[in-house]
Each structure stands twice: as C-alpha cells, then as structure tokens.
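Top line first, the protein sequences correspond to chains A and B.
Numbers 1 to 192, taken from UniProt numbering, label the letters of the first sequence in order.
Numbers 1 to 192, taken from UniProt numbering, label the letters of the second sequence in order.
Even glycine gets a Cβ: it sits at the ideal position worked out from N, Cα and C.
Input: a single structure, listed below in structure tokens.
2 protein chains.
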Amino acid sequence: MQQVVDFVLEIDKLKHVTRKTKPIGLDRHENSAEHSWQIALFAHALAPHADSPVDISRVVTMLLVHDLGEIDTGDTIVFADIDWEAAKRDELTAIRRILGHLPSETAAPLIALWEEFEANESDDARFANALDRAMPALLNLNNQGQSWRENGISYDRVVRRIEAPIRDGCPGLWHYMSARLAEANEKGWFGA
Amino acid sequence: MQQVVDFVLEIDKLKHVTRKTKPIGLDRHENSAEHSWQIALFAHALAPHADSPVDISRVVTMLLVHDLGEIDTGDTIVFADIDWEAAKRDELTAIRRILGHLPSETAAPLIALWEEFEANESDDARFANALDRAMPALLNLNNQGQSWRENGISYDRVVRRIEAPIRDGCPGLWHYMSARLAEANEKGWFGA
C-alpha cells in the first residue's frame, strides 16, 4: 500500500507543471493535471464522432498518463523548435521512473499505453492525439488566441503542426476546427 | 460537433472551482479538475488492492464526472454541516445541465454513473468513493494537516466522516490510513 501512496503523491507534482494556455476566464496558465482531466472527458464526448471505432477506456487511460513524464521534463509547447526525439526519450525515462513506484503488473500496461500514444499508429492513439492537439487550440479560439499571440505563433505554423494529427485522428473535428481557425486568422488572433 | 465543443468549453469551468486542500509544495488550493485527474490515476494504482473485483473503466468514468456539478454549486468540504441531500439534488440538476450539452445517448450513461457514484451502493461506486475520500486526507498527511488545521477539523471528526466510506470501498487502504491518521494526531496536525 505504501507503493500506491508514494505513486499518488509523486503524481501530485503534475499540478506544478504549467502550460502556455490559460483556462477561459482565468488569469493563470493551466497545468498538465487539469488539462489531462479535460481531454479525458473530451474523449467521452467526441467518441461518437470517431471515424474508426475506438476503445474509450484505452483512450482515456492514454490521456490520463500522456503528460506524466512532464513531472521531470516540464511542458514544452508543441510549436517549439527542439529535438523532439530526444525530448520523448527523456519523457519515457521519466514515465518509467514515476510508474516505477508501482508493481510492474500495474505499471507495465500503463507504460505500454504511453508508448502507444507516442507512436501514434493505432486508431486509439490517433484519436487520443487528436484530442490532445485540439484542446489548446479550442481554448485559444475562445481566448482571442492568447497563447498564439503571447508566443508569436502564426496561423500557418499552427495549421502545419496540428492539422495532420487532428485530421488523422478525427476528421470531423478537423473539419470543424479548420473553419474556426480561418475565422480567427481573419480576426488577427495569431502571432506574426 | 458544436455540441461537443460547447461541452468541453463548459467543463473548463471546473478549473475555477477550488477545494480546501493544497497540492504538496504549492501555496494555492487545488481545483476540482486536477483533483479528478489525480484520483482517476489513483484508481488504476489501487485497483489490485480492491476486495471485490472492480471495473476500472467504470470507476474512472465515475471519478472524471463526480465533481462536474460543482461548476454550478462550488465545492463543499466534506466536513461541512449542511443539508447534504439538498446539496446533492442541486448537483444533480447541475450535472444534467452540463451534460445536457451532449446528445442524450452520450450524456445518459455519464449521468447514470454520477448517480451510481452518489448512491454508493455498487462495488465500483464504493471503491470510487473510497478514493475520493482518501485523497484529501493523503495530501493532508503530507502537508502537516494543512486543511484540517486551517478549517478547525478535529481528528475524531475526520475519522467519523471518512472511515466508513474508505473501509467499505477498500479495507486495505483504511488499514494503512488509520495508522497514519493516528500518528498525525500525535503530531498535533488536526484542528481543535
């Protein structure tokens, strides 16, 4: 039982990890814990719009663990120009350390789901990645482009980075969002 | 698709709802969104210790929605001396309003799981309620009793309120916690 408690206190640290987006109506950045909760429920709401049938339970578990590694690495905005392969290797090391608090029978399936999410090849992973990419953009679309403007991210850069994962994971969601993003561009809600 | 987006923006407001406990090492109160995420992963970690087999997918979904009604009602500390039946009726009204953004095929099973959690009669619901009751106490046990001291909650009052739900939902967890709570009492970490 002490292992379980050590784990649940360890993951408390994800509440410390702030992202670039702000919750609507709040003057603070959101953290990766509340973000993970939001997209887990987003998965339930969006599941009927998935093109291929998805296993909602596997998708939700992926989303609950997908940012855990940030406890060690911190959050990096998806538009950052960094060595993403190296960053993901560091996150995997972190995931193994954090889930290493638990017995391997419990940890191994969660690590495997993290890896499946990152590989982004299965239908479940593609759906989960679409949710993760869409959520900050949906917040920005309702925050006058807050994190795009603050971080100088242009419309073209946003579309180039999020179109493929959202379209591949949930075409209907991209159809909706592409129109909203174009409207936001006309309103000047992007960085230069 | 607009319904789905309206829903996911509506639930963003749970990030505004603060609780009485603080994340470990942070000088701010936690919010109900990050709390919900934490106990969903707690469920995965604790599942092997459940007395009766639990359906982890149902338990996690219950935990993801269990506090949604607080968007309308706010969070109330579990030790508050209020009309809990009336408060829960208000929360159900809120849950129906918030999930009412979604088509009824999606909303109805989520509302049913919220009701099952509140009824606290099924094995899954008892396990989920144990997690929800245990988590703030586990934070307090690692925060020198922060919310107990700040809100004047005595050791007896804590045990009276959380023993039954935790013991009924996960006897092994209560066995562990009762010893930790007694130690914390000796250290003077409770209110008068």
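Paired residues, beta bridge with residue i - DSSP
i                      : result
residue 193 of chain A : In the structure displayed, chain A extends from 1 to 192; residue 193 of chain A sits before or after that span and is not available.
B/T18                  : B/N31
Distance between beta carbons of residue j and residue i, contact taken as under 8 Å
i      : j      : result
B/S57  : A/S57  : 4 Å
B/A184 : B/G145 : 6 Å
B/V60  : B/A40  : 5 Å
Option in the options with minimal Cα separation from residue i
i      : options                      : result
A/T18  : A/R89, A/V5, A/R28           : A/R28
B/L113 : B/G188, B/A50, B/D55         : B/D55
A/V78  : A/S52, A/V158, A/F7, A/I111  : A/V158
A/A164 : A/D156, A/V8, A/W174         : A/W174
B/L63  : B/F42, B/D81, B/P53, B/D83   : B/F42
B/G152 : B/R160, B/F190, B/G172       : B/F190
A/C170 : A/V5, A/S52, A/E30           : A/S52
B/I162 : B/L9, B/K13, B/E30, B/A80    : B/A80
A/G188 : A/R89, A/R160, A/E150, A/E85 : A/E150
B/L92  : B/D83, B/W84, B/E115         : B/E115
A/K13  : B/R167, B/E30, B/L9, B/K13   : B/E30
A/V8   : A/G100, A/D168, A/E186       : A/G100
Test: residue i CB closer than 9 Å to a CB of chain D
i      : result
A/W114 : The displayed structure is made up of protein chains A and B, and chain D is not among them.
Beta carbon of residue i nearer than 9 Å to that of residue j
i      : j      : result
A/L102 : A/Q2   : no
A/F127 : A/A50  : yes
B/K20  : B/P136 : yes
A/L181 : A/L139 : no
B/I11  : A/Q38  : yes
A/Y176 : B/V5   : yes
Contact test: residue i Cβ vs the ligand SAH heavy atom, cutoff 8 Å
i      : result
B/R126 : With respect to the ligand SAH, the structure offers nothing, as it holds no ligand at all.
Assess, as a yes-or-no matter, whether the region 69 to 83 of chain B is touched by the region 55 to 73 of chain A under the definition of 3 or more beta carbon pairs within less than 8 Å. no
Is it true that the region 15 to 26 of chain A meets the region 117 to 128 of chain A, where meeting means three or more beta-carbon pairs spaced less than 8 Å apart? no
Say whether the region 28 to 35 of chain B touches the region 82 to 98 of chain B, bearing in mind that this needs 3 or more beta-carbon pairs closer than 8 Å, one atom from each stretch. no
Between the region 126 to 144 of chain A and the region 42 to 57 of chain A, do at least 3 Cβ pairs fall closer than 8 Å? yes
Is the region 136 to 156 of chain A in contact with the region 103 to 123 of chain A, if contact means three or more CB pairs nearer than 8 Å? no
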